[in-house]
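Protein chains in written order, with the UniProt record's numbering: chain P, 1 to 340; chain E, 1 to 316; chain G, 1 to 587.
Note that the Cβ used here is the ideal one computed from N, Cα and C, for glycine as well.
Since this is a predicted model, take the numbers as computed values, not measurements.
Heads up: the structure comes next, in structure tokens.
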Amino acid sequence: MPRTQASLRAYVVQRLLLTGPMVLILLTLVFYFLRAAPGDPVGAILGEHSGPLADSIRRQLGLYDPLYVQYVDYLRRIFTGDMGNSIITQHSVAADIAQRLPATIELTVASMFVAVLAGMLLGVVSATRRDRPADVISRLVAAVLYNTPIFWFGIIMQLVFAVQFRWFDSGGRLSAQFAIPPRVTGLYTIDSLVAGQFRTFIDAVAHLILPALTLGLVLAGFFARLVRANMLQSLQADYVEAARARGIRPLDVFYRHALKNAMVPVSTAMGLTFAILMSGAILTESVFSWEGIGRYIFTAISNRDYPALQGAVVYYALIMVFLSVLIDIFNAWIDPRIRY
Amino acid sequence: MTLLDIEGLNVSYASRAGPIRAVISADLKIEAGQTLGLVGESGCGKSTLGKAILRILPDTATVTGSIRFAGLDLVTAEEPALRKIRGRNASLIFQDPMTRLDPLMTVRHHFLELIRAHEPDADEDDAMKRTRRVLTAVRIPPDRLDQFPHEFSGGMRQRIMIALALVFNPTLLVADEPTTSLDVIVEAQILQLLDSIKNEFEMGVLLITHNLGLIAEYAEEMAVMYAGHIAERGPVRDVFKEPLHPYTKGLLDSVIDLETRELHSIPGQPPDLLQPPSGCPFHPRCPSAMPVCTGAFPPTTRPRRDRTVACYLYPG
Amino acid sequence: MPDVLVRVRDLKVYYPLFRGFVQRLLGGGARFVRAVDGISFEVQRGEVFGLVGESGCGKSTAGRSLMGLTPIEEGEIVLEFPSASAKPQFIRPRELKMACVAWWAVSAAYLATAIYYGVSGSALFPFGLVATVPGPYVDALGIVGSVQVLLGLALWLLRPWSRRPARLVAGIGAAIAFASLPWGLLLFGVEVGILVYLGTPDPSGLVRRQGLLLPATKFTLTKDGILEGIPRAEQQTWFERWFIGPRTVRTAGFSWVLKQLRGKVQIVYQDPHAALNPALTVGELLRHALQAHAPIAPGGTRASSRLEEVNAKALKLLDDVGLRPPDQFFAKQSTDMSGGQKQRVVIARALAPKPLLLVADEPVAMLDMSIRAKVLELLLDLKEKYGLTYVFITHDLATAKLVCDRIAIMYLGRLVEAGEARRIYADPKHPYTRALLQAIPIPDPSRRTKKELPKGEVPDAVFPPAGCRFHPRCPVALPTCGWEGRDFLDYLEERWIDPSNSDEEAALGPIEDWKSEDLGASRSVRKGDPEVIVARVQAALKEAPKPLAEAVDRVALELDRVVVSFRPPARLEPKEVEGRIVECLLY
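And the structure:
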């Protein structure tokens with residue numbers, strides 16, 4: 001049998017080369033679906049009026065150009081970093097997004113943290129105590145969390161922890177008495193630490209807790225089910241039994257063999273969940289008045305602000321591509337069979 | 001010297017439809033340097049018996065009786081003591097080598113993990129020296145240590161499993177259908193290897209198989225299992241020459257080899273383990289069944305020297 | 001009545017190996033698993049023909065190819081059955097009709113929207129009026145256009161019927177969607193023209209053009225699909241030839257010709273547990289098989305679709321395979337049965353369409369020893385009762401000896417020995433046949449012998465060895481058998497397992513430093529003294545097995561590399577030896 005040493009580096013190069021076409025396809029889909037949706041931005045701004053004003057705006061936005069002209073123009077603009085101006089705020093879309101992106105990143109990373117932690121915990125507990133009370137309870141919790149509408153859950157969290165107990169504020173990223181820390185990354189938690197403003201940091205974290213829990217716990221439900229299913233499968237795998245038969249300590253069998261093998265499908269799904277997380281962020285940010293991209297998209301949709309919407313969606317799409325590349329490389333790193 | 005002494009071993013699994021009795025009051029003995037062939041059809045409990053020796057059955061299994069090995073009773077022994085025995089004094093190799101190695105781990109890691117599990121202070125050089133020694137014994141080039149399991153063929157993976165089993169010179173090797181998923185030529189290669197290793201390392205081997213041909217070629221003693229019971233036990237030559245239990249007779253008749261001229265089979269179907277027949281479980285398929293067979297399970301008797309059989313045809 | 005049922009000529013079946021997209025761009029094209037690599041054999045009517053070999057030798061692939069279940073790379077399979085009925089059958093592809101109806105519906109919607117907005121926006125004429133098209137019109141066309149693209153894709157998936165028209169539809173749909181102009185109306189006209197020709201759901205027209213006239217008794221399977229039993233190319237209109245291509249049917253995918261073939265050739269699988277859908281009862285399983293292959297009346301309805309009739313047939317089948325009482329098994333879930341009973345159901349299901357050829361792929365390998373004989377007996381009984389011919393695939397030479405009239409022994413995609421079973425068992429000629437026979441365990445403890453086994457395992461079918469494929473393992477190989485560079489490397493690696501050769505390994509190794517290319521193996525001599533390395537290689541060769549050592553052409557220094565090169569292998573051809581075909585240089 002000829003030996004084919006599968007190299008991780010070759011896989012990474014290959015994966016990165018594939019990213020180019022993938023981005024192009026994605027951008028094309030974004031463009032196409034936004035155009036195919038019914039409704040007209042100009043009509044939305046001006047009501048049902050038509051006339052010379054509407055006509056001139058349409059002409060200005062290039063809506064009368066054939067679609068392929070609009071498409072080429074769209075691609076050219078994206079690659080030069082120019083996403084046009086928002087119809088509503090009149091600012092450049094790129095600047096709007098740059099300003100709001102850190103808030104969303106802060107929220108999604110914190111939520112992902114909550115989701116992974118809670119999801120893994122619930123999943124592993126349920127898998128190792130299969131069909132016992134702990135399993136039944138954590139499965140129930142997971143099912144409830146997973147099926148809870150995110151905006152409703154957010155409002156309940158606000159009512160309980162902000163209105164009733166007054167432990168946290170119901171919205172915003174900082175209390176009024178704190179100044180926004182000098183911008184380094186745009187993440188208030190990190191910026192405040194960099195600036196040495198410890199009280200601001202505490203306040204920023206306190207504001208982060210409710211939205212991150214809201215978004216994170218809903219995802220944790222999904223995660224828990226995933227982890228449980230994959231753990232059950234890998235715990236019953238032949239190599240796990242074989243490892244036990246060799247006298248390997250149960251804890252080692254669990255972590256080194258069962259958990260690691262279960263992580264391959266789980267981490268793939270984790271990348272996909274990020275998409276859910278992003279869409280969840282739109283609702284969460286609206287409920288908690290969190291000035292991020294989610295809210296920006298929400299406003300853009302309600303106002304038919306095409307340039308803004310298109311810009312934000314393109315950003316989301318690019319982040320997703322980046323994440324999926326990352327996840328693929330991570331998987332290839334732990335599973336040698338993936339590296340062709 | 002008796003290496004392994006199993007007496008009155010019972011294993012039952014809990015299931016939604018009630019307990020499944022997989023092994024029922026089994027007695028077995030293995031001497032050092034001897035191969036005991038355990039033969040039976042699928043679902044007869046032979047694999048359960050093999051795993052029960054190392055106590056790696058799932059949580060749903062209940063084990064009673066006694067398994068005396070290495071100065072311990074493995075039925076009552078605590079988990080830490082059992083863990084010291086597994087992979088060190090007694091090793092287990094399995095049917096399907098394709099799935100028995102962790103796909104995410106290199107072969108080197110499998111060996112390191114095993115050696116460190118039993119000797120936490122072992123340094124890597126020493127561990128690798130021992131690994132080389134066993135790899136040489138199973139003819140695997142040591143320069144392939146850093147490859148992953150999927151880069152090896154089926155026969156080579158089984159050799160790696162055997163090498164893993166040999167690291168600590170165990171006194172007992174349980175081989176659970178070690179060649180069933182391999183081709184005839186590789187099967188013969190692996191079994192010849194096991195045979196030579198058995199002599200070299202002076203191990204006792206429990207060879208679990210459904211293939212009577214393998215028992216005839218590689219075992220000295222044999223035991224036949226049916227529906228959880230040991231139907232018959234004795235030296236391989238004697239049992240093949242004069243099978244006592246009707247099931248053994250039927251099984252020997254149904255073997256297809258190059259000299260078979262006529263097809264024989266045992267009528268009926270293997271029993272349903274959830275609702276085994278009363279008395280001797282073989283009676284619905286048995287050509288010489290008597291009224292007494294439906295009553296209670298026949299007592300084990302010793303009609304010939306070194307032979308035991310559980311059948312009413314041979315009263316004490 | 002033809003005596004030869006199956007004629008296989010130079011059959012090659014290659015499975016493409018999945019490789020990454022970029023890798024394929026960089027690394028010299030696709031690679032293939034050469035599952036079957038040039039075999040020829042014939043199966044006579046009423047015989048049991050055995051295909052025997054180890055796993056991965058291509059026996060299952062060869063068997064499956066008889067049903068048109070595999071792609072064919074080269075060669076052909078001709079199956080000729082006695083004609084049961086000369087009555088032509090008309091078949092109307094329901095799926096195509098449905099697709100056409102759906103297409104029409106969407107097109108109507110498209111037209112309606114276009115006219116509605118077009119009239120109100122006075123944009124019916126495509127030139128110069130672009131600016132007056134209202135936004136909603138653009139949107140509506142976009143939506144309809146995208147639906148059309150999707151439908152085009154769906155049509156494309158209904159290969160092979162509508163591959164080209166569907167491509168056309170998809171392309172046109174995309175063009176409309178992107179242009180979003182009243183030009184679309186013009187294109188729409190073109191589409192209507194094409195569809196009027198192709199897809200008119202008029203029964204007579206459809207049957208004439210798309211249906212098949214099938215009193216087929218002879219099927220020729222080749223790379224291009226099934227060649228006979230269907231209208232010839234000259235019977236097609238120029239338009240069909242142009243847009244649909246020649247009337248051959250791809251083996252992969254949906255086709256009525258294939259279905260006809262599969263009514264006549266059936267398969268019994270190895271694993272009865274996996275072959276039966278656990279969600280269905282035995283009765284349902286059999287009913288599906290019976291109904292799927294029921295003859296079709298000219299109107300398009302199936303003839304014996306009445307439930308009582310089908311049930312009666314199913315019960316008869318159960319009785320025939322020895323599942324008695326049949327009505328009790330009829331209602332059973334397949335999961336409630338033992339392996340032997342399940343295999344009987346698999347056999348009954350295979351018999352449902354009244355096949356003439358049964359491919360039995362290791363039918364007893366998964367069964368317990370005590371019931372194997374029963375199932376084999378059943379198969380032999382059914383053969384007489386139903387007038388069947390068997391292709392019996394097995395790895396077990398002992399079973400093959402009992403049931404087969406003639407056998408063919410396969411190794412790595414080639415036939416090494418084929419002929420009458422009696423002769424081959426009495427005096428095997430090919431070294432591989434001998435090795436296989438010797439490896440079978442003998443159930444007699446008084447006849448224990450030490451076996452001389454071939455080395456190693458079956459090599460990778462992606463890179464089969466040169467010359468005779470068995471030569472690296474063969475105990476009686478000759479220097480002309482096809483020795484090549486990698487055999488030398490395998491020899492070195494095997495040699496270095498022994499610690500006593502560690503100084504040689506230090507001088508020549510590690511094995512990764514060596515490269516093998518076809519007939520040569522080479523290694524850079526930048527590290528170490530070239531003279532010493534050459535001397536070491538020669539010393540190692542001196543201790544090598546004779547055929548390998550004698551096949552070496554020369555050991556030489558070329559620039560900075562030491563090269564070991566081998567003589568090219570002798571030509572290997574199947575020869576007739578004592579009443580059987582053998583592919584071996586010994587004869």
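Does chain E have any CB closer than 9 angstroms to the CB of residue i?
i              : result
A243 (chain P) : yes
R228 (chain P) : no
L436 (chain G) : yes
V458 (chain G) : yes
K385 (chain G) : no
In the structure shown, what three-state DSSP assignment does residue i receive?
i              : result
E95 (chain G)  : Residue placement at E95 (chain G) is flagged as unreliable, the pLDDT there being 48, under the threshold of 50; a coordinate-derived value is accordingly withheld.
Q147 (chain E) : coil
E175 (chain E) : According to the sequence as given, residue 175 (chain E) is Ala; it is not Glu. In this structure, A175 (chain E) counts as strand in the three-state DSSP scheme.
N85 (chain P)  : strand
A461 (chain G) : coil
V133 (chain G) : The predicted model places V133 (chain G) with a pLDDT of 46, which falls under 50 and marks its position as unreliable; any figure quoted below should be read in that light. Coil at V133 (chain G), not helix or strand.
K223 (chain G) : coil
Does residue i get closer than 9 angstroms to chain G when you measure Cβ to Cβ?
i              : result
E200 (chain E) : no
Give the residues of chain G in contact with residue i, contact being defined as C-beta atoms less than 8 angstroms apart.
i              : result
P141 (chain E) : E493, E494, W496, I497, I511
Take the Cβ of residue i as the centre, count every other Cβ of all protein chains shown within 10 Å, and call the residue buried at 16 or more, exposed below.
i              : result
R469 (chain G) : buried
V196 (chain P) : One detail in the question is off: residue 196 (chain P) reads as Gly in this sequence, not Val. So G196 (chain P) ends up on the exposed side.
E384 (chain G) : exposed
H207 (chain P) : buried
T480 (chain G) : buried
L122 (chain P) : buried
S126 (chain P) : buried
E576 (chain G) : exposed
H210 (chain E) : buried
H91 (chain P)  : exposed
Any beta carbon from chain P within less than 9 angstroms of residue i's own beta carbon?
i              : result
D96 (chain E)  : yes
A14 (chain E)  : no
M161 (chain E) : yes
R133 (chain E) : no
R304 (chain E) : no
G204 (chain E) : no
Along chain E, which residues have their Cβ under 8 angstroms away from the Cβ of residue i?
i              : result
R448 (chain G) : A216, E217
D444 (chain G) : A216, F240
D252 (chain P) : E113, A117
Any C-beta of chain C sitting closer than 9 angstroms to the C-beta of residue i?
i              : result
A237 (chain P) : Of the chains in the structure shown, none is chain C; the protein chains are P, E and G.
What in chain P is Cβ-close to residue i, meaning under 8 angstroms?
i              : result
H150 (chain E) : P336, R337
L54 (chain E)  : A245
For a contact meaning CB atoms closer than 9 angstroms, what does residue i contact in chain E?
i              : result
T394 (chain G) : By Cβ distance, chain E contributes nothing, its closest Cβ being about 11 angstroms from T394 (chain G), past 9 angstroms.
P454 (chain G) : I185, Q189
Using the beta-carbon of each residue, which ones in chain E are nearer than 7 angstroms to residue i?
i              : result
H207 (chain P) : Going along chain E, no residue has its Cβ under 7 angstroms from H207 (chain P), so there is no contact; the nearest lies around 41 angstroms.
Name, please, each residue of chain G whose Cβ falls closer than 9 angstroms to the Cβ of residue i.
i              : result
T48 (chain E)  : Near T48 (chain E) there are no residues of chain G at all, since even the closest Cβ is about 17 angstroms away, more than 9 angstroms.
N211 (chain E) : M369, P441, P443
Just by C-beta distance, which residues in the stretch 330-347 of chain G are closer than 9 angstroms to chain E? Listed in chain order, the positions of the stretch 330-347 of chain G with a beta carbon within less than 9 angstroms of a beta carbon of chain E are M337, S338, G339, G340, Q341.
Anything in the stretch 92-117 of chain E with a Cβ closer than 7 angstroms to a Cβ of chain P? List those residues in chain order, please. So the list reads L92, F94, D96, T99, R100, L101, D102, P103, L104, E113, L114, A117, given in the order they occur along the chain.
Residues in the stretch 236-269 of chain E with C-beta within 8 angstroms of chain P's C-beta atoms, listed in sequence order? From the stretch 236-269 of chain E, no residue has a Cβ closer than 8 angstroms to chain P.
Within 7 angstroms of chain E by C-beta, residues of the stretch 215-226 of chain P in sequence order: Within the stretch 215-226 of chain P, no residue qualifies.
Could you name the residues of the stretch 62-78 of chain E whose beta carbon sits closer than 7 angstroms to any beta carbon of chain P, in the order they occur along the chain? Flagged: no residues at all.
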